[in-house]
Ligand SMILES: Cc1cc2nc3c(=O)[nH]c(=O)nc-3n(C[C@H](O)[C@H](O)[C@H](O)COP(=O)(O)OP(=O)(O)OC[C@H]3O[C@@H](n4cnc5c(N)ncnc54)[C@H](O)[C@@H]3O)c2cc1C
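Numbering (our numbering), first residue to last: 90 to 469.
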């Protein structure tokens with residue numbers, strides 16, 4: 090799909106990420122997935138390419154500008170090679186950098202941000218709790234003021250990058266019940282009272298890590314509150330927009346892989362005396378997949394354009410997220426059928442994509458929550 094807003098800089102950035110993924114991630118992804126980890130140098134190499142620098146000032150190691158098209162291209166290219174678990178493994182940083190740049194105090198930004206943006210240290214967004222993730226306004230972790238400190242108690246779970254993260258953006262209750270009682274805090278991993286355990290044996294995203302975090306009388310300086318007291322819910326909701334945009338773009342990359350791999354396989358594999366691609370049923374499957382790729386790609390381009398015009402298209406992002414995850418589910422399922430038994434084996438990219446569909450439909454706001462939020466954004 091031709092992007093009318095493409096520029097030389099955007100094309101070059103996409104190419105840089107694509108070449109890196111082809112050379113460094115694709116050949117290793119199976120081994121890293123089976124090992125459940127990937128080398129830290131990947132964080133630093135992506136950092137050096139500007140992967141984490143969007144919306145961060147150059148004084149803090151960032152690019153000094155925002156570009157939704159480049160953000161989307163980065164996510165799409167990372168996921169296109171079937172490397173979604175590596176992308177997930179660095180994404181804890183991507184979804185927590187915004188609040189740190191915009192809401193943390195100057196001492197924290199000076200101390201931590203450059204290391205995070207350049208991939209030397211990891212940061213994580215810690216919102217979901219064992220008691221629930223969708224109902225953010227109902228979070229139970231508390232932060233109580235005691236002199237010039239806050240004392241945090243509670244736990245978080247499913248926190249991506251949590252096992253090797255150095256810094257945590259943590260949502261906690263500072264006020265009464267509901268969305269008006271939540272604040273954000275910056276917590277160093279070496280703070281006494283902080284501990285973590287890994288979530289193991291996951292359906293997908295094997296090379297990334299997710300953790301349950303525990304805060305047991307965890308004391309942080311009062312200045313570690315990020316933004317205004319009891320205004321954390323709004324910050325969390327605003328931060329979701331870029332996370333969801335990246336999930337849409339990542340899912341699009343996976344859909345493209347499903348399409349390309351299906352075409353290549355259907356051209357080569359023969360049944361009943363002719364290539365699969367000459368059978369009408371298979372042709373229709375591929376045509377449907379191709380139409381979905383085009384629809385999602387053009388929708389994504391328009392969302393990026395709106396953001397570049399200074400408007401955050403929240404309703405479109407919500408609708409785009411559930412439409413994309415449904416389209417990804419379709420493409421992954423049809424690609425599996427076209428491959429037959431061959432995609433049932435580990436090491437086949439379609440096998441990996443098929444079992445990573447669901448995390449896109451659940452993480453960063455589930456399909457059900459996206460429908461509901463889209464309706465509310467439409468005033469309904
Ligand atoms: C691999 C992975 C990585 C993650 N990384 C992070 C991370 O880095 N940081 C972080 O904070 N969180 C993270 N999450 C958590 C993720 O955001 C939550 O799983 C998600 O928000 C859903 O919350 P839940 O799992 O607690 O489901 P619940 O909120 O318990 O919901 C269960 C089901 O009910 C549905 N549901 C809930 N309410 C309604 C309703 N009102 N109407 C209809 N249906 C409803 C939901 O859609 C869902 O299908 C991650 C999750 C996964 C799986």
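Just so you know, even glycine gets a beta-carbon here, dropped at the ideal spot from N, CA and C.
What is the residue span of the beta strand (DSSP E) that residue i lies within?
| i | result |
| --- | --- |
| residue 179 | No beta strand (DSSP E) holds residue 179; the alpha helix (DSSP H) holding it covers 173-192. |
| residue 303 | 299-310 |
Tell me the rounded alpha-carbon separation between residue i and residue j.
| i | j | result |
| --- | --- | --- |
| residue 387 | residue 371 | 25 Å |
| residue 426 | residue 343 | 16 Å |
| residue 244 | residue 265 | 18 Å |
| residue 457 | residue 393 | 23 Å |
| residue 168 | residue 289 | 22 Å |
| residue 442 | residue 196 | 41 Å |
| residue 383 | residue 465 | 27 Å |
| residue 420 | residue 346 | 9 Å |
| residue 146 | residue 366 | 50 Å |
| residue 104 | residue 91 | 15 Å |
| residue 362 | residue 355 | 13 Å |
| residue 305 | residue 415 | 40 Å |
| residue 308 | residue 227 | 22 Å |
| residue 462 | residue 319 | 22 Å |
| residue 120 | residue 194 | 40 Å |
| residue 183 | residue 332 | 8 Å |
| residue 189 | residue 282 | 22 Å |
| residue 453 | residue 118 | 23 Å |
| residue 192 | residue 357 | 54 Å |
| residue 428 | residue 314 | 52 Å |
| residue 373 | residue 440 | 21 Å |
| residue 115 | residue 468 | 44 Å |
| residue 390 | residue 302 | 37 Å |
| residue 412 | residue 449 | 11 Å |
| residue 359 | residue 286 | 49 Å |
| residue 378 | residue 364 | 19 Å |
| residue 100 | residue 240 | 47 Å |
| residue 447 | residue 156 | 28 Å |
| residue 201 | residue 207 | 10 Å |
| residue 173 | residue 410 | 17 Å |
| residue 277 | residue 154 | 27 Å |
| residue 229 | residue 262 | 7 Å |
| residue 257 | residue 275 | 6 Å |
| residue 179 | residue 203 | 15 Å |
| residue 424 | residue 330 | 29 Å |
| residue 407 | residue 165 | 18 Å |
| residue 326 | residue 352 | 39 Å |
| residue 328 | residue 403 | 11 Å |
Given a threshold of 16 other Cβ atoms within 10 Å of its Cβ, counted over all protein chains shown, does residue i qualify as buried or as exposed?
| i | result |
| --- | --- |
| residue 141 | buried |
| residue 110 | buried |
| residue 438 | buried |
| residue 237 | exposed |
| residue 376 | exposed |
| residue 132 | buried |
| residue 297 | buried |
| residue 185 | buried |
| residue 130 | exposed |
| residue 94 | exposed |
| residue 381 | buried |
| residue 299 | buried |
| residue 137 | exposed |
| residue 324 | buried |
| residue 234 | exposed |
| residue 459 | buried |
| residue 199 | exposed |
Just reading off the alpha helix (DSSP H) that residue i is part of, what are its end residues?
| i | result |
| --- | --- |
| residue 448 | 438-451 |
| residue 354 | 321-357 |
| residue 105 | 97-109 |
| residue 422 | 403-428 |
| residue 470 | The shown model of the chain, from 90 to 469, leaves out residue 470, and the question about it has no answer. |
| residue 374 | 369-397 |
| residue 288 | No alpha helix (DSSP H) contains residue 288, which DSSP labels as neither H nor E. |
| residue 466 | 456-466 |
Let me see if you follow: with CB-CB separation under 8 Å, is residue i close to chain D or not?
| i | result |
| --- | --- |
| residue 190 | Here there is only one protein chain, and chain D is not present. |
Is the region 392-405 touching the region 430-438 in the sense that three or more CB pairs, one from each, lie closer than 8 Å?
no
Residue ranges of each alpha helix (DSSP H) run of no fewer than 4 residues wholly in the region 206-283, ordered along the chain?
none
Could you tell me which whole alpha helix (DSSP H) segments of length 4 or greater appear in the region 124-161?
130-137
Is there contact here, the region 203-220 with the region 245-255, by at least three beta-carbon pairs under 8 Å?
yes
Are at least three pairs of beta-carbons, each pair with one atom in the region 325-345 and one in the region 157-177, less than 8 Å apart?
yes
Within the chosen definition, does the region 266-273 reach the region 316-330 through at least 3 CB pairs nearer than 8 Å?
yes
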